[in-house]
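Be aware that the sequence shown starts at 58, since it is given in my numbering, and climbs by one per residue. Below is one structure, written out as structure tokens; the observations come after it.
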Amino acid sequence: MISVSLISLISYFLCVPLTIIMILWLYDDEKSYLKKAVPTQKTMCECDICLYHFTADKEEKFVRCPQCGNLMERKGAKRK
Ligand SMILES: [Zn+2]
């Protein structure tokens, strides 16, 4: 007959469910992170004067800084 100590049984019945819960928790956390990532048509811009960072539409050639109101040409904009 196989003899199993009480400590081994208790540790087994504690560790296995906790490991399963941890794996499910990490999997669910990863799924919720992927849901938050939304593809967008906006890119990051930096103001030449106040160095404020903001997002602007990819198609806009000229963007206005929301912090200081500076109108500037977007770097890397496609020229037509
Ligand atoms: Zn600015």
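Note that CB positions come from ideal geometry on N, CA and C, so glycine has one too.
So, at 8 Å on beta carbons, what are the nonlocal neighbours of residue i in its own chain, with the 5 sequence-adjacent residues on each side left out?
i, result
"Y109", "E103, C122, P123, Q124, C125"
Would you decide whether residue i is buried or exposed? Buried here means 16 or more other CB atoms lie within 10 Å of its CB.
i, result
"V61", "exposed"
"V95", "exposed"
Identify every residue that forms a DSSP beta bridge with residue i.
i, result
"R131", "In DSSP, R131 forms no bridge with anything."
"A94", "DSSP lists no partner for A94."
"D114", "K99"
"V120", "M129"
What is the rounded straight-line gap between the Cα of residue i and the Cα of residue j?
i, j, result
"I59", "K92", "49 Å"
"D105", "F119", "13 Å"
"D86", "T97", "22 Å"
Residues passing the C-beta test against ligand 1 heavy atoms, cut-off 6 Å: With 6 Å as the limit between CB and the heavy atoms of ligand 1, the residues that fall short of it are C104, I106, C107, Y109, C122, Q124, C125, N127.
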